[in-house]
Each structure stands twice: as structure tokens, then as C-alpha cells.
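2 protein chains.
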Amino acid sequence: MKPIAHIKTDFPEKFGIPRQSGLVKDLTGTICFEPPYRNPDAFKGLSGYNYIWLLWAFENPGGEKWAATVKPPRLGGNTSMGVFATRSPFRPNPIGLSSVRLEKMEFTEQGPVLTVSGADLRDGTPIYDIKPYLAYTDCHPDAVDGFAAQRMNQQLKVSFPEELLNIFPPEKRSAILEVLAQDPRPSYQHDASRRYGVSFAGYDVHFYVEGEQLRVTEVIAL
Amino acid sequence: MKPIAHIKTDFPEKFGIPRQSGLVKDLTGTICFEPPYRNPDAFKGLSGYNYIWLLWAFENPGGEKWAATVKPPRLGGNTSMGVFATRSPFRPNPIGLSSVRLEKMEFTEQGPVLTVSGADLRDGTPIYDIKPYLAYTDCHPDAVDGFAAQRMNQQLKVSFPEELLNIFPPEKRSAILEVLAQDPRPSYQHDASRRYGVSFAGYDVHFYVEGEQLRVTEVIAL
Numbered sequence: 001m002k003p004i005a006h007i008k009t010d011f012p013e014k015f016g017i018p019r020q021s022g023l024v025k026d027l028t029g030t031i032c033f034e035p036p037y038r039n040p041d042a043f044k045g046l047s048g049y050n051y052i053w054l055l056w057a058f059e060n061p062g063g064e065k066w067a068a069t070v071k072p073p074r075l076g077g078n079t080s081m082g083v084f085a086t087r088s089p090f091r092p093n094p095i096g097l098s099s100v101r102l103e104k105m106e107f108t109e110q111g112p113v114l115t116v117s118g119a120d121l122r123d124g125t126p127i128y129d130i131k132p133y134l135a136y137t138d139c140h141p142d143a144v145d146g147f148a149a150q151r152m153n154q155q156l157k158v159s160f161p162e163e164l165l166n167i168f169p170p171e172k173r174s175a176i177l178e179v180l181a182q183d184p185r186p187s188y189q190h191d192a193s194r195r196y197g198v199s200f201a202g203y204d205v206h207f208y209v210e211g212e213q214l215r216v217t218e219v220i221a222l
Numbered sequence: 223m224k225p226i227a228h229i230k231t232d233f234p235e236k237f238g239i240p241r242q243s244g245l246v247k248d249l250t251g252t253i254c255f256e257p258p259y260r261n262p263d264a265f266k267g268l269s270g271y272n273y274i275w276l277l278w279a280f281e282n283p284g285g286e287k288w289a290a291t292v293k294p295p296r297l298g299g300n301t302s303m304g305v306f307a308t309r310s311p312f313r314p315n316p317i318g319l320s321s322v323r324l325e326k327m328e329f330t331e332q333g334p335v336l337t338v339s340g341a342d343l344r345d346g347t348p349i350y351d352i353k354p355y356l357a358y359t360d361c362h363p364d365a366v367d368g369f370a371a372q373r374m375n376q377q378l379k380v381s382f383p384e385e386l387l388n389i390f391p392p393e394k395r396s397a398i399l400e401v402l403a404q405d406p407r408p409s410y411q412h413d414a415s416r417r418y419g420v421s422f423a424g425y426d427v428h429f430y431v432e433g434e435q436l437r438v439t440e441v442i443a444l
């Protein structure tokens, strides 16, 4: 297994990254390829698809660090689930799987560059494979979501003072609002006095949460 | 990357295996785990899902054998597409991705055994990972299928003499009929005089094709 590409995203840190792909549709990333994989021929036909799969490397320091059970944040962090019943990064083979929208494909002097949206990956994540999303075999509207379906009812209301939001370029604003609405906190930490910081697109966004209300207090350049 | 499990299917050979998962829903397979991954705790909650992802090892003899372009059988075998615009096994990192239905989960003395249906894998294929299929992030009904959508209009009519079909146990019959209807031939070989053989569930099924009509001539025990 060798990286064929790396993705550039607005998340230098893990904290704040949406827990699955597609949850924040305005998040964009660009995928740049390693020299052996820059042949434009290898991408012929890809623009006929609007979704692609990314197979990528989980950060799993120590390599062998996996356990039979994990405590998913969305279950409050205190319920154990089997690792194979979750998408936890701490699994025997640390490969992530994400479907993202293919927004643009360009051919530059540094090889092909794919712009994707909905990516739940940290900046610099190695990509192992890109495959077209084939609805006839990959899309199952009758799929039952098990316990993960609980995820949607936990959006926060976000109060982001305009003068702070405007520090971000216009095309980044809806994405950071959505990232915050997804509630980046670990679910087991619901201490209203606690201050958090999400690093996004070159800035640290400081906030706290009271009940269902998230309030941004500061935006500081990284 | 180490195999966590292997799948048992009715296909000892590559020829005849459906080109994607789910195309032949009656095909079943059983997944048996390697000793380090037999802890039932690792599967807690998995039965809450009806679809799972398999990440598995493509057979790619020679390891480095990949090319920028491939000629998908479904395009007649004479049109080049970029490898990243196909699900071809001959890719830089030979990892297959298939969603299958989870039919049953049992805990035996040899560890957990998952029965799945719709699998497009050869008997004995190593499995690297099992993940739950999460409809909210994995299912995209708005996905555009590019050129692969051409696949569906090529079903064959199958003539399978009853005395030959009855050689198979009842639970295997609809599956072999569907496998044949999918047209296992390489698309560029449409020679009506040519005889083919698909190995399935312990038997070789011999057939030929005239136009849209497939005729089974023999069923021979392997």
C-alpha cells in the first residue's frame, strides 16, 4: 500500500472534522497526485461521475492500536460497540472510506488536481485509491442504519458574530458554520464553562456551548 | 495490511463472477475470521445493519501490474478508460470495495461467521476490513453513473435444461441462473461457436451463446 495522492483540506487538526463524509457539503478539498500517478490517461472518463470513493489512511499512531470495542462519540461516549460495527479509525487495517462529490478536475503542471466537496479528512491525509461511485452497486436506499442513525438530531444553533465570520473569505463561511452546527465536541464533554477551538482555513475559532447554543468568541489567525 | 478474514463463495475461478456486488442477489458467501479477530465483542451492534462494506484483496499477480488505462468488458473491451474511472482490479493499490447484504451472524467454535449475499468475490478472497454501510453518508441516489450505466441492458435469456439444473441443490439454482443471465463472457468474444464453462458450487456449467440466448449443454462435477 502506497499513497497515490494527498488531500489538502482546511483542517490542520483532527478536532472539528465532520464525523462522516457529506455531512458538511460546503467543505472542499483538493487532491494532488504523486508523480507516478499523474498521467492524465488514468483519469479518462472520471468526469462522467459526480461522486467518487476515497480510500485513505487513518491516523493510527502505533499501527497495532486497535481494540475489539470502541465508544462512539454519537452514543455519548459511554456505550461500547464492536469495532466492525463502527467506522472508527482504530481498526485492524486503518483504511478510511469516504464518498465525496467530484466538483472539478483540472490538469496542471503538477499533474491532475481533483476538487471534491464533503470531505471528512484532515489536511495532508494520504489517499490510497480513487474509485468511481456506481449507484447501481453502491447505493442502497433500503439500508438500515443501526445505532448511527441517532447522529442527525444533535445539530447546534450557532451564534457567530458577523465581524468575526467576515474574517473568513466568503467561500469558507457556510462551511465553518456547518462544521460548528455539527457539534465538534466529544459527546461526553458537555461542560458549559469549557472553551473549545477549531482550526479551520488558517484560523482558530474559539467557542463555548450552552445547551443547544454554540457561541463563537474569537477568531485568531494561526 | 493483513487479512482479518476470508470469504467462502461458490466461485473457485474468476470466470463467471458478477462484475459488481449486488448484481446477483441470491449469491451467498460466508466470512470466517482469522484467530486475532474472533472476539465476539468486535461485532457488537453489527446485526443492527443490513448492509456491510467489504474491503478485500484483488488478485493482482505481480503486484505492480497496473496501467493508466483499462478496457472495461462492458464497453465491448475496445474502449480505453482511465483506471481511476473504473473499478478494475489492476490498480496501484489492489483493494476491492463491495457492499453486500448481511444475512446472518453466528458465533461458532471457529469464531464469528457472517453470511452475506450479493458477493462478487472469488472463493478464498482475503478480507481486510468490514464496515457498516451507513445510508446517510454512503447512499447517493443522485449519483451519475458515467459510462458504467450501460451495463444493465445486456441480460441474456438462459435455457438451462431442468435435469441439469436439478443437479444443483435447490438453494443454488436461482443464483446460477442469474450468474448466466449476467453474461459472463468477455464482451469482445461474441463467437457463437465458442463453448464456455463457469465453475460454480462444485460443478462446471458448460454453455454457448447465440445472440441473446444462452444454452447450457452440460453440468459436470468438479
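Quick mapping for you: the protein sequence lines, in order, are chains Y and G. Taking the numbering used here, the leading residue of the first sequence gets 1, the next gets one more, and so forth. Taking the numbering used here, the leading residue of the second sequence gets 223, the next gets one more, and so forth. Ideal Cβ positions, reconstructed from N, Cα and C, are used throughout, including at glycine.
Contacts between Y/H140 and chain G, judged by CB atoms closer than 9 Å, involve G244, N272, Y273, S321, R323, Y355, A357, D360, C361 in chain order. From the listed residues Y/L55, Y/V70, Y/V83, the smallest Cα separation to Y/P3 is found for Y/L55.
In the structure shown, G/D413 falls within a coil segment according to DSSP collapsed to helix, strand and coil. Around the beta carbon of G/T330, fewer than 16 other beta carbons sit within 10 angstroms, so the residue counts as exposed.
According to the DSSP secondary-structure assignment, G/C254 is paired through a beta bridge with G/H228, G/V335.
Sequence-distant partners of G/V380 (beyond 5 residues in either direction) whose C-beta falls short of 7 Å from its own C-beta, in its chain, are L399, L402, A403, L436. The residues A181, D183, E212, L214, in chain order, have a CB closer than 6 Å to that of Y/L156 in the same chain once the five nearest residues on each side in sequence are set aside. In summary, G/K326 is exposed, with fewer than 16 beta-carbon neighbours lying within 10 Å of its beta-carbon over all protein chains present. Rounded to whole angstroms, the gap between the alpha carbons of G/E384 and G/P348 is 35 Å. Around the beta-carbon of Y/K44, 16 or more other beta-carbon atoms lie within 10 Å, marking it buried. Residue-level contact check: G/I239 does not touch chain Y, since none of the beta carbons of chain Y fall below 8 Å from its beta carbon. Look at G/P234 here: in three-state DSSP terms it is coil, with no helix or strand label. In the DSSP assignment, G/S320 is bridged to G/L276. At a cut-off of 8 Å, the C-beta of Y/L46 has a neighbouring C-beta in chain G. The C-alpha of Y/V198 lies about 10 Å from the C-alpha of Y/R185.
At least one CB of chain G lies nearer than 8 Å to the CB of Y/M81. With a threshold of 8 Å between beta carbons, Y/P92 makes contact with chain G. Between the C-alpha atoms of Y/L27 and Y/T79 there is a straight-line separation of about 30 Å.
Rounded to the nearest whole angstrom, the C-alpha separation of Y/F11 and Y/I17 is 7 Å.
Between the segment 303-317 of chain G and the segment 30-43 of chain Y, the count of C-beta pairs closer than 8 Å reaches three or more; the two stretches touch. In terms of Cβ geometry, G/L324 and G/L336 form a close pair [threshold 8 Å].
Contact of G/K293 with chain Y is not assigned, every C-beta pair being separated by 8 Å or more.
G/T439 sits in a strand when the DSSP states are folded into three classes. By the Cβ neighbour-count rule, G/R417 is exposed, with fewer than 16 other Cβ atoms within 10 Å of its own. At a C-beta separation below 7 Å, G/G368 has these neighbours in chain Y: G45, G48, Y49, P132.
With its beta carbon less than 8 Å from one in chain G, Y/M1 belongs to the interface.
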